[in-house]
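Student: Numbering (this note's numbering), first residue to last: -10 to 94.
Ideal Cβ placement from N, Cα and C applies to all residues, glycine included.
Model, not experiment: these values are computed from the prediction.
Pasting a structure below so you can have a look.
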Amino acid sequence: MGKKKSFIKVILPFVWNKYFISVLAVAIWVAFFDKDDLFSQLELTKKLDQLKIEEQYYKTEIEKNKKDMNNLRTNPANLERFAREKYMMKKDNEDIFVIVKDSLK
-10 MGKKKSFIKV
0 ILPFVWNKYF
10 ISVLAVAIWV
20 AFFDKDDLFS
30 QLELTKKLDQ
40 LKIEEQYYKT
50 EIEKNKKDMN
60 NLRTNPANLE
70 RFAREKYMMK
80 KDNEDIFVIV
90 KDSLK
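Here you go:
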């Protein structure tokens, strides 16, 4: 019992200290009530991680598109193949038949 009273006697003046109360009040205000509280910071961190993933995706897509553009600019046969496959372009004396596989099976 003596140790319990001595522990309380040591801690109680520290807890009731005006500086401790002030720091605790400011910490609670900043953590929960400020416009940049902990919850909004966690949300922003998640959003930032998601945007970094999207940024990496778009960087790889840009690099892929740059390679494709370089390939199309340097080789006319690739340009013709690209135009025929992607945009279904044809020469004047050709007919195009598009075969669509039935996916109802």
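Tell me the rounded alpha-carbon separation between residue 84 and residue 63.
Tutor: Counting from 1 along the sequence shown, the entry for residue 84 is found at position 95. Counting from 1 along the sequence shown, the entry for residue 63 is found at position 74. If you take the alpha carbons of residue 84 and residue 63, they lie about 28 Å apart.
Student: Return the chain-ordered list of same chain residues with a C-beta closer than 6 Å to the C-beta of residue 60, the five sequence neighbours on each side being excluded.
Tutor: For this step, residue 60 is matched to residue 71 along the sequence shown. The answer, listed in chain order, is 67.
Student: Under the three-state reduction of DSSP, which class applies to residue 10: helix, strand or coil?
Tutor: Position 21 of the sequence shown, counted from the start, is the residue given in the question as residue 10. Three-state DSSP puts residue 10 in a helix.
Student: Helix, strand or coil, according to DSSP, for residue 29 in the structure here?
Tutor: Counting from one through the sequence shown, the residue named residue 29 turns up at place 40. The answer is helix: DSSP assigns residue 29 an H, G or I state.
Student: Just the Cα atoms here: how many angstroms apart are residue 36 and residue -4?
Tutor: Position 47 of the sequence shown, counted from the first residue, corresponds to residue 36. Position 7 of the sequence shown, counted from the first residue, corresponds to residue -4. The alpha-carbon separation between residue 36 and residue -4 amounts to approximately 45 Å.
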